[in-house]
Amino acid sequence: MSDVNDRSLANVGEKRIEWALKEMPVIQGLMHRYAESRPLQGVRISGCLHITTETANLARTLKAAGADVVLCASNPLSTQDDVAAALVDKYQIPVFAMRGESNEVYYQHIQAALDHQPMITMDDGADLVSELHKTRSELLPNMLGGTEETTTGVIRLRAMAKDRALKLPVIAVNDAMTKHFFDNRYGTGQSALDGIIRATNILLAGKTFTVVGYGWCGRGLAMRAKGHGAHVIVTEVDALRALEASMDGYRVMPLIEAAKQSDFIISVTGDKHVIDTEHMQVMKDGCVLANAGHFNVEINIPALQALSVSQSRPREHVDEYTLKDGRTLCLLAEGRLVNLAAAEGHPSAVMDMSFANQVLAAIYLVNNKGKLDNAVHSVAAEIDHEIARLKLAAMNIHIDQLTDEQQHYLASWQEGT
Ligand code: ADE
Numbered sequence: 029m030s031d032v033n034d035r036s037l038a039n040v041g042e043k044r045i046e047w048a049l050k051e052m053p054v055i056q057g058l059m060h061r062y063a064e065s066r067p068l069q070g071v072r073i074s075g076c077l078h079i080t081t082e083t084a085n086l087a088r089t090l091k092a093a094g095a096d097v098v099l100c101a102s103n104p105l106s107t108q109d110d111v112a113a114a115l116v117d118k119y120q121i122p123v124f125a126m127r128g129e130s131n132e133v134y135y136q137h138i139q140a141a142l143d144h145q146p147m148i149t150m151d152d153g154a155d156l157v158s159e160l161h162k163t164r165s166e167l168l169p170n171m172l173g174g175t176e177e178t179t180t181g182v183i184r185l186r187a188m189a190k191d192r193a194l195k196l197p198v199i200a201v202n203d204a205m206t207k208h209f210f211d212n213r214y215g216t217g218q219s220a221l222d223g224i225i226r227a228t229n230i231l232l233a234g235k236t237f238t239v240v241g242y243g244w245c246g247r248g249l250a251m252r253a254k255g256h257g258a259h260v261i262v263t264e265v266d267a268l269r270a271l272e273a274s275m276d277g278y279r280v281m282p283l284i285e286a287a288k289q290s291d292f293i294i295s296v297t298g299d300k301h302v303i304d305t306e307h308m309q310v311m312k313d314g315c316v317l318a319n320a321g322h323f324n325v326e327i328n329i330p331a332l333q334a335l336s337v338s339q340s341r342p343r344e345h346v347d348e349y350t351l352k353d354g355r356t357l358c359l360l361a362e363g364r365l366v367n368l369a370a371a372e373g374h375p376s377a378v379m380d381m382s383f384a385n386q387v388l389a390a391i392y393l394v395n396n397k398g399k400l401d402n403a404v405h406s407v408a409a410e411i412d413h414e415i416a417r418l419k420l421a422a423m424n425i426h427i428d429q430l431t432d433e434q435q436h437y438l439a440s441w442q443e444g445t
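In case it helps, the working numbering puts the sequence shown at residues 29 to 445.
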């Protein structure tokens with residue numbers, strides 16, 4: 029009842045999962061708390077998530093809380109095969125995920141996760157909910173709802189809701205402050221650079237590094253690239269974000285201008301073909317292209333292939349395309365999420381908060397059975413604040429409290445100058 033690449037990797041995977049858990053104190057606390065009260069007793073959960081050490085600790089927590097969990101991959105290149113093996117052999121959690129699986133197998137694995145007849149879906153990118161609606165709608169009447177981990181998934185779900193196609197309530201975990209302020213910004217900032225550096229081993233200091241898109245992920249990536257001494261350019265389509273990027277100290281310009289001077293161009297937009305033929309035609313020889321957005325559509329890879337006369341792989345995760353005019357462009361990780369395909373995804377300390385939101389959102393769906401509309405819902409503010417408090421406590425950081433006088437002052441309007 030599983031499909032993973034290599035079961036003999038289970039011991040390695042188990043050690044890495046335990047290592048990650050040390051950086052996940054909020055998840056540890058929830059695991060202990062809910063092992064006693066078991067608020068998810070008998071709840072079938074199918075998770076379509078990146079199969080990483082952090083996801084393993086989320087799945088263990090859901091299981092400790094009583095849930096019957098199965099997992100499938102949310103990206104064909106992000107699965108850590110040792111983790112998949114350990115989940116199956118050491119923690120008895122069925123997994124359908126193999127690093128490098130074809131698109132066909134990817135969708136077979138989603139179907140296997142739906143065969144579990146989930147009462148709750150947990151998505152990263154909305155592929156599970158999308159397949160559920162398109163191919164397995166008979167499961168919908170017995171479902172409590174779903175949760176969604178990422179910006180791209182939330183955008184897809186809002187589009188479904190707008191078309192009145194969404195037939196279950198979904199909690200937008202991504203929109204919790206304890207998720208996107210930390211995971212999207214510091215998580216992507218560190219892990220995307222980690223992927224680029226592991227893949228290329230090229231020095232960033234002194235290089236021109238263009239970040240395409242200044243959402244939370246783009247902000248984190250630009251900040252960390254600057255910290256490495258790169259000259260960072262930001263490109264945007266949104267006036268407010270462009271203004272913010274400029275005042276954060278970056279040069280802002282259209283991508284067609286940035287393309288002529290960049291050594292690295294990284295997409296983090298969530299949109300399609302943002303790096304396209306006209307940009308590739310003017311890029312510098314040797315320019316490195318990578319994507320840190322959810323899907324592999326941000327860089328127009330068929331266009332890159334059409335411009336090329338040959339392709340080689342000088343290093344793992346680096347495809348060097350030679351263009352008709354002799355220039356080379358280097359595409360990392362086949363245009364898939366560079367932080368998960370060429371590195372290990374976001375560090376455990378940020379996934380701790382993201383996945384605490386997932387656990388509490390699942391319990392919220394159980395406690396609010398039948399009360400929620402078929403819409404995209406925010407994480408309740410109390411959940412966000414509880415996670416922030418738990419994380420601060422685990423970090424041994426203490427903060428001040430308002431005095432009665434200050435509380436009264438904030439609630440009054442009579443006092444002025
Ligand atoms: N998304 C980004 N980083 C991740 C990680 N380490 N585990 C699961 N999902 C992720």
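Quick reminder that beta carbons are idealized off the backbone N, C-alpha and C, glycines included.
Of the residues 201, 154 and 221, the one placed nearest residue 194, counting alpha carbons only: 154
Residue 174, buried or exposed, once every other Cβ within 10 Å from all chains shown has been counted against 16: buried
Any beta strand (DSSP E) of 3 or more consecutive residues that is wholly inside the region 45 to 94: 72 to 77
Pairwise C-alpha distance: residue 69 and residue 192: 32 Å
Contacts around residue 29, its chain only, beta-carbon distance under 7 Å, and the 5 residues preceding and following it disregarded: 122
Residue from 301, 151, 368 and 318 with nearest C-alpha to residue 348: 318
Simplified DSSP state of residue 330, which is helix, strand or coil: helix
Unbroken beta strand (DSSP E) run spanning residue 349, endpoints: 346 to 351
beta-carbon residue 172 near the ligand ADE non-hydrogen atom, thresh 7 Å: no
Stretch-stretch touch, CB-based, cutoff 8 Å, three pairs: the region 92 to 100 with the region 47 to 63: yes
Touch test, the region 214 to 230 against the region 369 to 385, Cβ-Cβ under 8 Å, three pairs minimum: yes
Runs of alpha helix (DSSP H) wholly within the region 248 to 332 (minimum 4 residues, chain order): 267 to 275, 283 to 289 and 305 to 308
N- and C-terminal bounds of the beta strand (DSSP E) containing residue 406: 404 to 406
Start and end residues, beta strand (DSSP E) containing residue 199: 198 to 200
Residue 298 and residue 183 closer than 8 Å at C-beta: yes
Integer Cβ distance of residue 331 from residue 308, believed to fall under 8 Å: 7 Å
Alpha-carbon spacing of residue 415 relative to residue 305, whole angstroms: 44 Å
Proximity winner among 376, 264 and 237, relative to residue 314 (alpha-carbon distances): 237
Coil, strand or helix - residue 226 by DSSP: helix
Three or more C-beta pairs below 8 Å linking the region 339 to 355 and the region 199 to 214: no
Neighbour-count burial assignment, residue 441, 16 or more Cβ in a 10 Å radius: exposed
Touch test, the region 125 to 137 against the region 106 to 113, Cβ-Cβ under 8 Å, three pairs minimum: yes
Residue 157 versus residue 326 - alpha carbon distance: 22 Å
Pairwise C-alpha distance: residue 80 and residue 48: 10 Å
Any 3 or more C-beta pairs closer than 8 Å across the region 243 to 258 and the region 399 to 418: no
Check whether residue 360 and residue 346 have beta carbons under 8 Å apart: yes
Uninterrupted beta strand (DSSP E) stretches inside the region 347 to 429 (no shorter than 3 residues): 356 to 360 and 404 to 406
Residues of its chain near residue 288, where Cβ-Cβ distance is below 6 Å and the 5 sequence neighbours each way are ignored: 310
Terminal residues of the beta strand (DSSP E) in which residue 176 lies: 173 to 176
Secondary structure of residue 111, DSSP reduced to three states: helix
Cβ-heavy atom distance, residue 219 to the ligand ADE, below 7 Å: yes
Contact check, residue 232 vs residue 296, beta carbons under 8 Å: no
Any non-hydrogen atom of the ligand ADE closer than 7 Å to residue 215 Cβ: yes
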